[in-house]
Amino acid sequence: MSTAKLNVSHSRWFLSGSFFLTLCFLVLGQPSTDKKLKFVLMVFRHGDRSPTRTYPKDKYQEDSWPDGFGQLSELGMKQQYELGAYLRKRYSTFLNDTYSRQEVFVRSTDMDRTLMSAQANLAGLYPPVGRQIWNKNIAWQPIPVHTVPLSEEKLLSVPLKNCPRYNNLQKETYTSNEFHNLIDPYKDLLNRLQNNTGYSPKEWSDGHKWWITHDALFCERIHNYTLPDWATKEVMDKLYQLSDIAMSSLYGVYKHQEKSRLQGGVLVGSILKNITDAAKNPFRNRKLIMYSAHDSTLAALQMALNVSNGKIPPYTACHIFELYKADDGKYTIEMYYRNDSSADPYLLTLPGCSSSCPLANFTDLTSSIIVENWEKECGAEVDGEKRSGAVVGLIVAVVILSIAVFGLLSLYCCFKKSPLNYETV
């Protein structure tokens, strides 16, 4: 054999051996990427409903709707049932086949449409089987949905109330260059619509009124009501864009980070706490937390996380957090957004992290929007101190007045007891 052939043969052996060693390293040396789902938390919007209110000149006022304003429709019930059935399919190997109160916790805002949406959703997620069939004629079982009065709601009904600092930020937003740069292209349309809707110029300057107008017309179109002549497709498209701007301005556009701390960041903090608790207590029974809420809730949450697409979340839109545990014991969070029932949810990526984000990184990246003392940062405590000071002052005044009255009564009694020939000086 010649030297050349020997060198070629040797080279081939060396390359084959190197390839084999490399393959062994890849197979044996790489850590396993297997992961297991441990916990799920989701926030979803209610289903289709009647308008929450409408513009002054609308001929369809509250009495035009069978159940009044803001009520879940039959279509909305079907939409939520479909979402529940989808969740049953998605988590069929994760959740028990039957409802277990230790496994799932459901909370809703204290409003008819969200409470009913949660119940319709659960009907699709947990159809009764076995011993849970309590009436063979009804394929449904009662499942608890928890809530708190709206006056005490400090998590899901946003914008959160009693926050003077946030109120000031909103006033600044409506006069900011950032906001006016967005709405200036619509000035002519807004001037025309102000007359069509019947709002005063001052009322119409509030972006929420644009949302109300679009929402009313949107609901009327879905339910086959006749729209006014001025509500053309072009006008409706532009009103939809203005509604997106109005919603975004509640939580962003101007001083986004500070608004997030005072609004959506509160929900992010609560969600992260539940996820962290699940990671710290891997043997606990709770597998699923569900929040039945509103478009504003989802908008605040997604803008706080910087994953918003800038659009108002549609009916039954659902933001999902999934906690996974890898074979090496490390936890990761994946987020999904389902805003179209005809398509699979799409994966969301927290800015600065991977789509499968390590829990520690997720915590660090969201720390800037989580406030420890919400009342103090809102300025709510200052108002409370003023009220406390007023109460203390009132108490002091009452005490002084009481002493004075008691003193006068004592002198009066002394004069009554004095003899007739006694002369006071």
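Going letter by letter, the sequence shown gives residues -29 to -1, 1 to 396 in mature numbering (1 follows the signal peptide of the UniProt record, and there is no 0).
Each residue gets a CB set at the ideal place from its N, CA and C atoms; glycine is no exception.
Next item on the list: Determine the contact status of Q112 and Y70, defining contact as a CB-CB distance below 8 Å.
Entry: yes
Next item on the list: Please state if the CB of V11 and the CB of F292 are separated by a distance shorter than 8 Å.
Entry: yes
Check: Quick one, which of T197, T337 and P329 has its alpha-carbon nearest L238's?
Finding: T337
Notebook entry, point to check: With respect to 7 Å, is the separation between the Cβ of E343 and the closest non-hydrogen atom of the ligand COA below this value?
Noted result: Only the bare structure without any ligand can be found here, which leaves the ligand COA out of the picture.
Note to self: Quick check on this structure: which residue in L259, G236, L321 and V278 has the alpha carbon closest to the alpha carbon of M13?
What the structure shows: L259
Check: Who are the near neighbours of L46 in its chain, counting only those whose CB is closer than 6 Å to its CB and skipping five residues on each side?
Finding: D19
Note to self: Let's test the definition: count the other Cβ atoms within 10 Å of the Cβ of H117 and tell me whether it reaches 16, buried, or not, exposed.
What the structure shows: exposed
Next item on the list: Spatial neighbours of K142 within its chain, please: CB distance less than 7 Å, with the 5 preceding and 5 following residues excluded, ordered by chain position.
Entry: none
Check: Using a Cβ-Cβ cut-off of 8 Å (strictly less than) and excluding sequence neighbours within five positions of L161, which residues of its own chain qualify?
Finding: So the qualifying residues of the chain are I154, W175, W181 and L213.
Next item on the list: Would you list, in sequence order, the uninterrupted alpha helix (DSSP H) runs of no fewer than 4 residues that lie entirely inside the region 23 to 63?
Entry: Runs of the alpha helix (DSSP H) inside the region 23 to 63: 45 to 61.
Next item on the list: Could you pull out every residue in the same chain whose Cβ sits closer than 7 Å to the Cβ of L243, ignoring the five residues on either side in sequence?
Entry: T334 and T337
Note to self: Helix, strand or coil, according to DSSP, for A217 in the structure here?
What the structure shows: Of the three classes helix, strand and coil, the one that applies to A217 here is helix, per DSSP.
Next item on the list: Can you give me the start and stop residues for the beta strand (DSSP E) that I291 sits inside?
Entry: C289 to A297
Margin query: Using 8 Å as the threshold, is the C-beta distance between G235 and L198 below it?
Written below: no
Next item on the list: Kindly list the residues whose CB is nearer than 6 Å to the CB of A89, restricted to its own chain and excluding five residues on each side of it in sequence; keep chain order.
Entry: V77, S79, V116 and S263
Checklist line | Minimum C-alpha distance to S325 - residue among T303, D315, N310 and E346 | finding: T303
Item checked: Every unbroken beta strand (DSSP E) within the region 213 to 287, with a cutoff of 3 residues, ordered by chain -> Fully enclosed beta strand (DSSP E) runs of 3 or longer: 259 to 264.
Next item on the list: Would you list the residues sitting across from P130 in a DSSP beta bridge?
Entry: In the DSSP output, where bridge partners are listed per residue, P130 has none listed.
Next item on the list: Examine chain D for any beta-carbon lying closer than 8 Å to the beta-carbon of Y26, and answer yes or no.
Entry: In the displayed structure, chain D is absent; only one protein chain is listed.
Margin query: Does the structure place the region 26 to 42 close enough to the region 214 to 222 that three or more beta carbon pairs sit under 8 Å?
Written below: no
Notebook entry, point to check: Which of helix, strand or coil does DSSP assign to S327?
Noted result: coil
Notebook entry, point to check: If you count every other CB in all the chains shown that lies within 10 Å of the CB of Y57, and 16 or more means buried, which is it?
Noted result: buried
Next item on the list: Note down the Cα distance separating I341 from T320, rounded to an integer number of angstroms.
Entry: 19 Å
Note to self: Can you tell me where the beta strand (DSSP E) holding R20 begins and where it ends?
What the structure shows: Counting along the chain, R20 falls outside any beta strand (DSSP E), and DSSP gives it neither H nor E.
Next item on the list: My understanding is that A110 touches P99, with C-beta atoms under 8 Å, so please give their C-beta distance in whole angstroms.
Entry: 7 Å
Next item on the list: Please say whether K7 and Y307 have beta carbons closer to each other than 8 Å?
Entry: no
Next item on the list: To the nearest angstrom, report how far apart H290 and K9 are at their CA atoms.
Entry: 17 Å
Notebook entry, point to check: What residue range is occupied by the uninterrupted beta strand (DSSP E) comprising I304?
Noted result: Y302 to R309
Check: So, are the CB atoms of T135 and A351 less than 8 Å apart?
Finding: In the sequence as displayed, the identity of residue 135 is Pro instead of Thr. Yes.
Checklist line | Alpha-carbon spacing of T168 relative to S21, whole angstroms | finding: 18 Å
Note to self: What residue range does the beta strand (DSSP E) around S88 cover?
What the structure shows: S88: not part of any beta strand (DSSP E); member of the alpha helix (DSSP H) spanning D83 to L96, first to last residue.
Next item on the list: With a 10 Å radius around its C-beta and 16 neighbouring C-beta atoms as the bar for buried, classify R16 as buried or exposed.
Entry: buried
Margin query: How far does the beta strand (DSSP E) with Y102 in it extend, from its first residue to its last?
Written below: Residue identity differs from the one stated: residue 102 is Arg in this sequence, not Tyr. Counting along the chain, R102 falls outside any beta strand (DSSP E), and DSSP gives it neither H nor E.
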